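*Asks:* Dropping the structure in here first, questions after.
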Amino acid sequence: MKSKVKVVVIGHGYLGRWHTQKVVQSNFAELVAIVDSSATTREEVGKLYPNVKVFTALEDALPFVDAAIIVTPTSGHYECIQKILAAKKHILCEKPLCATEAEAIAIQKIIANEKELILQVGHSERFSQAWELLREHPLLSKIANAKGGEIYLNRLAPFKARALDVDVIQDLMIHDIDLIQFLRKESLQELCELTARGFHVVSNTFDVVHASALLPSSETKVHLRAARNYVRSDRSVEIINDQGTILVNLAENEITFVDNLAQEGAAQRVSFEKRDHLALEQEAFYNSILKGTSIAVTFEEGINAVKVAQQILQKISK
């Protein structure tokens with residue numbers, strides 16, 4: 001069994017730099033190559049990592065590696081995935097998996113009979129300890145798993161001049177689409193009573209989007225709100241039902257909750273540790289390759305998230 005996974009990072013932009021650092025720091029991986037279309041970036045990378053191969057073309061890097069981490073703009077994901085699958089290499093692809101539902105369906109067909117490769121999507125929010133607490137803490141799990149009620153997911157951020165090639169649904173809201181599927185253990189593709197509104201503010205795509213839908217199996221109403229020109233950062237999840245209320249503050253690493261059955265009804269607080277989500281998702285990827293552990297976020301789950309994002313976009317565009 002190999003002791004380390006030989007890795008190429010594709011794309012050395014804002015997020016690509018972070019991924020590259022995590023590969024270098026990992027005990028389970030070896031950074032063998034970096035691919036980037038920019039000559040300036042390639043020169044910079046060559047100085048930062050003199051022992052790493054630097055390429056313009058992905059095809060030139062693939063013979064040297066076991067696995068690829070895709071951190072290009074979303075519009076380039078599908079082409080990269082096709083090439084890497086053809087070369088029979090493992091893939092960790094940053095979210096969203098691809099740009100359109102048509103690409104998602106095409107990927108679904110390509111991987112239908114693929115059993116040997118580890119294909120993981122970078123929905124890194126899953127690695128927050130908050131979700132472990134919602135599963136394992138007796139009072140939190142009782143409220144979180146109750147049927148009915150409402151769930152509000154907010155992902156609001158001040159403007160940053162990045163990821164403007166996609167709308168805010170694929171840039172930010174996609175995290176919460178995946179989170180709902182992860183927490184409720186159900187696909188959102190059969191959404192009922194879907195409503196959505198969107199606004200252009202700083203780009204040619206939608207920069208502010210609000211969406212609501214009913215989860216038919218749990219009779220829970222879900223409200224998704226995403227913006228990338230907000231006055232402050234707000235990453236939170238609020239669950240309200242007849243069992244109680246939970247507010248997960250992802251920015252402050254704190255959960256506040258009220259148990260409706262408690263006599264006092266006073267708010268209680270639980271803190272959770274701040275984790276390096278990128279490092280954890282990479283570690284999960286390498287463990288799947290080296291030890292055969294379950295894939296943390298499968299391509300199928302990533303495809304489902306893209307399809308739901310497209311449903312929301314279509315509802316706004318009508």
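Position 207, counted from 1, in the sequence shown is what the numbering used here calls 207; the numbers after and before it change by one each time, with no gaps.
Glycine residues also receive a C-beta, built at the ideal position from the N, C-alpha and C atoms.
Since the model is a prediction, treat every value here as computed from it, not as a measurement.
1) Could you tell me the alpha carbon to alpha carbon distance between L100 and S317, rounded to whole angstroms?
2) Using the Cα positions of N304 and E193, report the straight-line distance between them to the nearest angstrom.
3) Measuring alpha carbon to alpha carbon, tell me which of E283, I246, D276 ends up nearest G265.
4) Have a look at D171 and A61 and give me their C-alpha separation to the nearest angstrom.
5) By DSSP, does Q335 sit in helix, in strand, or in coil?
6) Would F257 pass as a contact of L153 if the rule is Cβ separation under 8 Å?
7) Between which two residues does the beta strand (DSSP E) containing I70 stretch?
8) Thinking just about the alpha-carbon of each residue, which of E125, A157, E132, Q108 is nearest to the one in S233?
9) Here's a check: name, in chain order, each residue in its chain whose Cβ is nearer than 6 Å to the Cβ of Y78, leaving out the five neighbours to either side.
10) For H123 and K95, which I take to be in contact (beta-carbon distance under 8 Å), what is that distance rounded to the nearest angstrom?
11) Do H223 and E125 have their CB atoms nearer than 8 Å?
12) Count the CB pairs spanning the region 103-115 and the region 278-293 that are closer than 8 Å, and state whether there are at least three.
13) Note down, in chain order, each residue of its chain lying with its Cβ closer than 8 Å to the Cβ of K315, except the 5 sequence neighbours on either side.
14) If you follow the beta strand (DSSP E) that Y286 is part of, which residue opens it and which one closes it?
15) So does the region 104-118 actually touch the region 82-90, counting three or more Cβ pairs closer than 8 Å?
16) Output the residue ranges of the alpha helix (DSSP H) runs that lie fully inside the region 49-99 and measure 4 residues or longer, sorted by chain position.
17) Which of helix, strand or coil does DSSP assign to I316?
18) Under a three-way DSSP split, which group does A33 fall into?
19) What are the boundary residues of the alpha helix (DSSP H) that includes E103?
20) Can you list, in chain order, the residues of its chain with a C-beta nearer than 7 Å to that of E59? Leave out the 5 residues immediately preceding and following it.
21) If you check the beta carbons only, do A29 and K4 fall under 8 Å apart?
22) Beta-carbon separation of S288 and I118 under 8 Å?
23) Considering only C-alpha positions, which residue in the set E252, D259, Y286 is nearest to E273?
24) Return the residue from the list S75, H137, F182, S203 that minimises the CA-CA distance to A296.
25) For S128, does the count of other Cβ atoms within 10 angstroms reach 16, so buried, or fall short, so exposed?
26) Considering Cα atoms alone, identify which of H137, A226, E186, A309 is closest to I255.
27) Please classify F127: does DSSP put it in a helix, a strand, or coil?
28) For K6, write down the residues that DSSP places opposite it in a beta bridge.
29) Shortest alpha-carbon distance to E44 belongs to which of A57, K22, R17, T74?
30) If we count the other Cβ atoms within 10 Å of its Cβ and call it buried at 16 or more, is R228 buried or exposed?
31) Here's a check: name, in chain order, each residue in its chain whose Cβ is nearer than 7 Å to the Cβ of P73, leaving out the five neighbours to either side.
32) Excluding the five sequence neighbours on either side, which residues of its own chain have a C-beta within less than 6 Å of the C-beta of R162, listed in chain order?
*Replies:* From the atom records:
1) The identity of residue 100 in the sequence shown is Thr, whereas the question assumes Leu. Each residue's alpha carbon lies about 14 Å from the other.
2) 18 Å
3) I246
4) 28 Å
5) Look at the range of the chain in this structure, 1 to 318, and you will see that residue 335 is not part of it.
6) no
7) 67-70
8) A157
9) C98, E103
10) 5 Å
11) no
12) no
13) L194, T195, A196, A211
14) Where Y286 is concerned, there is no enclosing beta strand (DSSP E), although the alpha helix (DSSP H) it sits in stretches over 277-291.
15) yes
16) 58-61, 77-86
17) helix
18) strand
19) 101-110
20) K83
21) yes
22) yes
23) E252
24) F182
25) buried
26) H137
27) helix
28) E30
29) R17
30) buried
31) D165
32) Y14
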